[in-house]
Each structure stands twice: as C-alpha cells, then as structure tokens.
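Only one structure is covered here, and it is reproduced in the block below.
Chains as they are written, first to last, in our numbering: chain A, 1301 to 1682; chain B, 12 to 141.
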C-alpha cells in the first residue's frame, strides 16, 4: 500500500444554516479544500451522508455533489454508516489512494438536518427497526441505557456525565465554527430538561447542518499541494451487534475497541503515543465509553478521567478540542470528516486558541448508531 | 410500511417466537438465519417465557411522534430465563421505579399505530411483578 496524506481541508460553520441547502453546504466545504491545495481536478469523490433521503428527500447524492462542484464526470460514491458516514468516507478515500487506484481524492461529509424532517424519527432509523425503534426507543434513550449500565457497573455519576459537556463546551467556546460556542456550567447541565433519563438536554449533541471535506493524496505527491501535509498513519473500521440488547455488556463499545485495535496496529503506535484526539461524543456517556474502548484509560475509569482534567486542553491527552459533537455540532454525515479536520489543524499548528502544544500524533474516532459501527484514523505530523 | 411486513412479523411479535441454535444452544429473539455465537444455521423454534428481568433501562421524556401521548415512559432491555434479550416498554408502574433486576411479566399489548390509516401494531410490553 502507498502512504497517504491529507493536504487541504474545508468546512462550513456548523449550526442551523437556514440559508444554505444540502448542495450549498457540500460545495462550500469542497471548494475550500480544493482552493487550499490549488487542485484543479479530482480522480474520485466520496460523500459521507447518513440520510439525505429522509432529511430532505434527496438520494443519489454522489453525482449531485460532483455535478454542483463543476466536476461531473468524476467517479463519485456515497458512503453511509449512520453517524459514522463521514469517517467511513475518509476511509474509502484513504484506501482508494493507498491502493494506487487514485491520486486526487476528495473525502467529504454533509448533512442537512434542519429542513423540517422529524429528526428523532430519522435518527432512530439507524437503530434496529424491528426490535428497537418499533417499541419507541430513541437515540438518547439507547445511550441513556448505556449510561445506566455504566453507572450500575462502575459507579459512574451524573456529575461525571456533566463533566464531559462542561469540558467540550469550554473547548467549543474557542472554535469560531462551533454551533454552540459558549461555556456551560455543571449546574446548567444538571438542571437542563430531561431527554431520556439520566441524559438531559445538555448531555446531547445538537441537530445541525454542515459539511466538511479533505483532499487525500499519495504522501509522495503531498508537497505539490502544501508544505505541511498530515500523514494518515492508520485506519481501522469495525462493526458490532446492531441492537443494544444483543451486546453482552451494554456499557462496552465492542466495535470501537476493534476499530481502534486495527488502527493502532496499522499505525504501529500505542494509545500512550497520542497527543490529541477527537472522539464521538454524541452523548456525554459516549465519550466516557469511547475513552475506555480506545484503551486510553482502564475500563470504568472514563468518568473520573474527564473530571481529573486529563482530557481537557492542557491535560495529558486533550480530547475534543474542537468542542466535539456536543458543542461544535453534529451534522451526522459531516462529523467524521470534521473530526479529521480538527486533528489536521492541530498537527499543522493551526488550531489557534485551541492549539495543543507540540502535537505530533492525533486520533479521530467516529461511530454509527448505538456503536454498531466505528471507524478510527490515526494521523501524524510530517 | 407495506402490510405484508406485519404478517411476516407475527411469530416474533405476537407469539414471542425465538430460535434455539442446534449447534451451541444460543437462543435468538427474533429468530435469525445464522447463529451470531457459533455460525451454525440449524435452528429449532422455541417460545420465550413470559417473564424477564431488567438489564438496563431509561425513561423517555422526548419521544418519537408516534409515542407523543405516552411520554414519559420507561424502556428497558430485559432478559428471559432462556437468555434472550428484548428491548421493550415497561408499563403500569412509576417509570422512575424501573431498575436493573426489576422482574416483569411480558404482556400482549398495542404498541403503536402506523401510517395514515393508523394500522394497529401489537407486541409485548413488560409489567413489573407484584
């Protein structure tokens, strides 16, 4: 396999972007990435998108986006893995370049969630329709069950959950592209309205519009486009049981653990080598479980790790310096690519007030559903 | 949703029909074609007991549109004595009282009404014992 690098990135602001359509969002992010590298052609495009069909009634996104980018003719494929669609699109781009089949590949993600669809119902379609959604479960509900199982098994508290939201909002307040770029207090989190007990509104990522795109090329050609490329050192993907009821331990994210193990192995690094990470905090409990599944800390220690400041800016391994899904926003198909962009900027020293000093190696973890799919990428400063 | 789907799902939804793997004995609900534990594909149909124990739970305060009138309601993953796990609503109780270990009976109930014509969809809900 060839070595692969990201050489440019583009991203819209995340939020309720009433004036921008699904295609506007994609084109804005894609153009920024192409302009950044002064690239005038592409060999392939991968578009991560969970549900254009249900959110805005638009399927067949790949040719639509290629066309509106002025690139009709280019091979384009939509990639779907629920909320992990963006990360999986990046993985397809990585594999395409690594295999030698393509040189210039755009990995993008886009979602338009604020156009009137019943968002709770659309998101619930990423759960098992026959055994879960049928009975009235929601995504906050699934993660609430994971939270209660974690609390029961390890004594994790509501204060631990709140600490994730407080930390990520603190980081997001430094990110001009964040949907909710403001800090929140523990009291605000603990007093926000109940969504699915024990998860409250401020434990949940918001409903967002947005797009993100990166240009992926062979490492040997990277210097044609930038003097600071970021190498993709490893990529791992995995699946787990679709239904939460089918997992032996509902508080453990098997697919995250598997995907991380594969990415670490390909990269030839250990969790202790990481300097910065973006993880899938769709709900506060998710970041706690992911921290454990990534082997950053021992099982059951995720909650106290957040409270200790270990994963805050200035800590040993800052996590979700972008604000995470919680504060930055979570346009589901775009999220995985946006995570990669935060790491790209951190490793290039472009993260401004959020910069992690001397960051050499970073990780991005993106998952779908209640954790039935997960994809992990590891990046290195060149 | 087309109506054949409801007919197809009658065994699991109405009769709590599961399948027992002839290779390793694992019980899957609903029935599957391939055993997730051992990979075998020979099965024997079996019916689940109508009682179970809560593994983990939540109380839904913000529901999907079809369940708007029912919120707040408890939902739980429950395990039957056969080892099958189901995601169900827990009803006829204070939703905040549902905890890991709570024992429930599985009762046949209306679950939801679907589509413009309001097709009645049935299944099982848990009712705490005692």
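Every residue, glycine too, gets a C-beta built ideally from N, C-alpha and C.
If we count Cβ pairs, one from each stretch, closer than 8 Å, do we get three or more for the region 30-39 of chain B versus the region 49-59 of chain B?
yes
Alpha-carbon spacing of residue 1442 of chain A relative to residue 80 of chain B, whole angstroms
20 Å
Would you say residue 1495 of chain A reaches chain B, if we count a Cβ-Cβ gap shorter than 7 Å as a contact?
yes
Exposure label - residue 1491 of chain A; buried when at least 16 CB within 10 Å
exposed
Considering only the alpha carbon of each residue, which of A:1548, A:1513, A:1515 and A:1562 lies closest to residue 1537 of chain A?
A:1562
Can you give me the C-alpha to C-alpha distance between residue 1414 of chain A and residue 1507 of chain A, rounded to a whole angstrom?
7 Å
Given a limit of 8 Å on CB to CB distance, which residues of the region 1533-1549 of chain A reach chain B?
1541, 1543, 1544, 1545 and 1546
For residue 1599 of chain A, would you say it is in contact with chain B, using Cβ-to-Cβ distances shorter than 7 Å as the test?
no
Would you say residue 1462 of chain A reaches chain B, if we count a Cβ-Cβ gap shorter than 7 Å as a contact?
no
What's the gap between the Cα of residue 1539 of chain A and the Cα of residue 1548 of chain A?
15 Å
Contact defined as beta carbons within less than 8 Å: I believe residue 1552 of chain A pairs with residue 1577 of chain A. What is the distance between those atoms, to the nearest angstrom?
Contact doesn't hold; Cβ gap of about 19 Å is too wide.
So for residue 1420 of chain A, helix, strand or coil by DSSP?
helix
Let me check understanding here. Comparing Cα to Cα, which of A:1366, A:1555, A:1653 and A:1383 lies closest to residue 1325 of chain A?
A:1366
Any C-beta of chain A sitting closer than 7 Å to the C-beta of residue 71 of chain B?
yes
Contact check, residue 1670 of chain A vs residue 1467 of chain A, beta carbons under 7 Å:
no
Any chance you could list the beta strand (DSSP E) runs of at least 3 consecutive residues sitting entirely within the region 1378-1445 of chain A, in chain order?
1405-1412
Beta-carbon spacing of residue 45 of chain B, residue 95 of chain B below 7 Å:
no
Per DSSP, residue 1666 of chain A is paired with what?
A:1675
Would you please state the rounded distance, in angstroms, between the beta carbons of residue 1378 of chain A and residue 1349 of chain A? I believe it to be under 8 Å.
6 Å
Which residues in the same chain have their Cβ closer than 7 Å to the Cβ of residue 71 of chain B, if we skip the five residues on either side of it in sequence?
82, 83, 84 and 86
Give a yes or no on whether the C-beta atoms belonging to residue 1368 of chain A and residue 1313 of chain A are separated by under 7 Å.
no
Mapping the DSSP letters down to three states, classify residue 1643 of chain A as helix, strand or coil.
helix
7 Å Cβ cut-off: residues of chain A touching residue 96 of chain B
1545 and 1546
Within 9 Å of chain A by C-beta, residues of the region 119-134 of chain B in sequence order
122, 123, 132 and 134
Measuring straight from C-alpha to C-alpha, what distance separates residue 74 of chain B and residue 1438 of chain A?
7 Å
Spatial neighbours of residue 42 of chain B in its chain, beta-carbon cut-off 8 Å, leaving aside the 5 residues before and after
22, 23, 28, 29, 30, 54 and 56
Return yes when the Cβ of residue 1440 of chain A is within less than 7 Å of the Cβ of residue 67 of chain B, no when it is not.
no
Ignore the nearest five residues each way along the sequence and tell me which others in residue 1317 of chain A's own chain have a CB closer than 6 Å to its CB.
1509
Going along the chain, which residues of its own chain have a beta-carbon closer than 8 Å to the beta-carbon of residue 140 of chain B, five neighbours each way excluded?
62, 114, 115 and 116
When A:1407, A:1418, A:1680 and A:1456 are compared against residue 1606 of chain A, the one with the closest alpha-carbon
A:1456
Reduced DSSP secondary structure (H/G/I, E/B, other) of residue 134 of chain B
strand
Whose C-alpha, out of A:1511, A:1388 and A:1405, is nearest the C-alpha of residue 1411 of chain A?
A:1511
Would a check of beta-carbon distances place residue 1448 of chain A closer than 7 Å to chain B?
yes
Hey, residue 1661 of chain A and residue 1516 of chain A: beta-carbon distance below 7 Å or not?
no
Shorter than 7 Å from the beta carbon of residue 21 of chain B to some beta carbon of chain A?
no
Using a Cβ-Cβ distance under 7 Å, would residue 1435 of chain A count as near chain B?
yes
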